[in-house]
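Taken in sequence, the protein lines are chains R and C. Numbering-wise (my numbering), the first sequence opens with residue 58 and increments by one. Numbering-wise (my numbering), the second sequence opens with residue 79 and increments by one. For glycine and all other residues, C-beta sits at the position ideal for the given N, C-alpha and C. The structure under discussion appears below in the form of structure tokens.
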Amino acid sequence: MDAGLTAAGTTGRIAPALDGLIACPECDLLMSRQVLGAGQQARCSRCHHPLYRPRPEAAVKIVALALTAGILMVGALFFPFLSISAAGETHESSIFSTALAYSEGYLAPLAVAVMLLIVLLPVFRVGALIFAFGPLLAGRTPYRHAQIAFRLARHLRPWAMAEVFMIGTIVSLVKIGGLASVSFGPAFWAFAALVLAVGVMDNLSNDWTIWDALETTR
Amino acid sequence: MLTARRAGLVGCRSCGRVWPRQQRHCGRCGGHLDDDRGASLQRVWAWLIAGVIFYVPANLYPMLDTASLLTGDVRNTIVGGVIELVHAHDYGVAAIVFAASVVVPITKFLAIAQLALTLGRVRPWRRHRRHRMLAVVDFIGRWSMIDVFVVAILSSLVQLGSLAQVHPGPAAIFFALSVVFTMLAAQAFDPRLIWERDEAEAA
Ligand SMILES: [Zn+2]
Ligand SMILES: [Zn+2]
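Written out as structure tokens, the structure reads:
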């Protein structure tokens, strides 16, 4: 169900404390904070941007999915990704060799970029989320920089392109078509599972109540 | 409608906390408190122009260089690759590549330029539509990277000696840069501009 947040200033209160207010990131509308139960959702009353969407046990699930994604990434890196064979010739590729396809001459910066987009940034995001939410699981107060880690994980989301890479793989297979037969290595399945884990993880962390959970009470 | 700006405050776009207007960084999440909408618009234009410029060589140079016994040495541009897929009757994938490499980039250029040019001349009831347009542009930009990955996957996989070999072409780096610059242009576009320009509060 939707619960529109009340716009500040329409409630008649005078100069509420700053931490009782929030501003919509999309339209700047000033609103007073509300406490919502699980399953409820609050949107900005002007632009309808979703703000709060508390989900039960989000921290536990996020850490579990992040750990899963991290382990899958290790598997994806050290197993064969795809293998091709035609007329007796066989060749295998890995995630590393895929990035290194651009290592020739002036294309080399692109090899670094591909490595960043499909391996390093996803790993960094997963690590940042484990750092931010890990202590919550143990019932402790979050680390001092937990909120910075969470912000970076969210900020870098568009640049971690594991799922775009997965679609690229499918397009590649079609392009090879009848030219040769291609088989999937364990890294392909690990990467596909990783995309799913990261997708669910990001969906769970798309909620502003998490900022309150990460509040380091001093 | 009371906005953070009108109240003399600045809202953090990462976590929503509001701070006094002169503060530079969010005290909760460390996010940069961007209050200069004019600078936002300048960054949009700079990234957008860079994106458009790099899109030109991305389409003129070959993206993929295929040497095989059957076909000889074939160098394909982005559009050439799509045409090849159409000839092979792989219409679905041809559509995906064409959408990701041609339709999405060009639509993004036009959409961002239109959003930037018509600020302040938007009728209030159209704001929702324009806001959604910016969100869509921001969301789909990264999918243009598909072709860069396809070239990497094919070049690393199809290494079958004299039978068939695939190598990346120079267009790949121009195309990747064009996508990155256009993503940065969309990210630099502060959606708050759409909502406040014609409220005489964009100081
Ligand atoms: Zn809003
Ligand atoms: Zn913040």
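- request: Could you round the C-beta distance between C:S179 and C:D225 to whole angstroms and report it? I think they count as a contact, below 8 Å.
  value: 5 Å
task: Using beta-carbon positions only, say whether R:F123 and R:D264 come within less than 8 Å of one another.
output: Note that residue 123 of chain R is Ala in the sequence shown here, rather than Phe. Not a contact, by the Cβ cut-off of 8 Å.
task: List the whole-angstrom C-beta distance separating C:V182 from C:I218, where the pair is believed to meet the contact cut-off of C-beta under 8 Å.
output: 6 Å
- prompt: If you run the structure through DSSP and keep just helix, strand and coil, what is R:T68?
  reply: Low confidence applies here, because R:T68 scores a pLDDT of 42, under 50, leaving its location unreliable and the question unanswered by this model.
task: Check the Cβ of C:D112 against every Cβ in chain R and list those closer than 7 Å, keeping chain order.
output: In chain order: nothing, as chain R lies at least about 11 Å away.
task: Run down chain C in chain order and give the residues with a C-beta less than 9 Å from the C-beta of R:F135.
output: Correct list: empty, because the minimum Cβ distance to chain C is about 16 Å.
field: Best match in C:A136, C:T81, C:G247 and C:W273 for proximity to R:G162 [C-alpha to C-alpha]
entry: C:G247
C-alpha distance - C:Q265 paired with C:R204, whole-angstrom precision: 21 Å
query: Which residues of chain R have a Cβ atom closer than 8 Å to the Cβ of C:R220, listed in chain order?
result: P215, W216, M218 and V221
message: Using only the alpha-carbon positions, how far apart do R:V131 and R:S154 sit?
response: 15 Å
- prompt: Between the segment 169 to 180 of chain C and chain R, which residues of the former have CB atoms less than 7 Å from a CB of the latter, in chain order?
  reply: V171, I174 and V175
message: Between R:P82 and chain C, is the shortest Cβ-Cβ distance under 8 Å, so that the two count as touching?
response: yes
field: Any non-hydrogen atom of ligand 2 within 7 Å of R:M214 CB
entry: The question names Met, but residue 214 of chain R is Arg in the sequence shown. Not so, every heavy atom of ligand 2 lies at least 7 Å from the Cβ.
message: On a Cα-Cα basis, can you pick out the residue from C:V200, C:M211, C:R199 and C:A191 that is closest to C:R121?
response: C:A191
- request: Report the option in R:A250, R:V239 and R:D259 whose CA atom is closest to the CA atom of R:L139.
  value: R:V239
- prompt: What residues from chain C crowd round R:E114, counting only those whose CB sits closer than 9 Å?
  reply: Result: empty, since nearest Cβ-Cβ is about 21 Å, beyond 9 Å.
- prompt: Can you name the residues of chain C whose CB is closer than 7 Å to the CB of R:G225?
  reply: I224, F227, V228 and I231
- prompt: Per DSSP, R:E146 is paired with what?
  reply: R:A143
Chain C within 8 Å of R:S262, Cβ atoms only: no
Residues near R:A72 by beta carbon distance below 8 Å, same chain, minus five either side: Annotation note: pLDDT 47 at R:A72 (below 50); position unreliable, coordinate value reported separately. Hits under 8 Å: none found.
Cβ-Cβ distance between R:G127 and R:V180 below 8 Å: yes
message: Please state whether the Cβ-Cβ distance between R:G242 and R:F135 is less than 8 Å.
response: no
query: What residues sit near ligand 1, counting only those whose C-beta is closer than 6 Å to one of its heavy atoms, in chain order?
result: R:C81, R:E83, R:C84, R:L86, R:C101, R:R103, R:C104 and R:H106
query: Can you tell which of C:D143, C:C107 and C:L197 has its C-alpha closest to the C-alpha of R:H202?
result: C:C107
- prompt: Using a beta-carbon distance cut-off of less than 8 Å, what residues from the segment 182 to 199 of chain C approach chain R?
  reply: none
task: Return the CA-CA distance between C:W125 and C:W221, expressed in angstroms with no decimal places.
output: 18 Å
field: Alpha-carbon to alpha-carbon, C:I272 and C:A365
entry: Chain C is shown only over 79 to 281; residue 365 of chain C falls outside these bounds and no answer can be derived.
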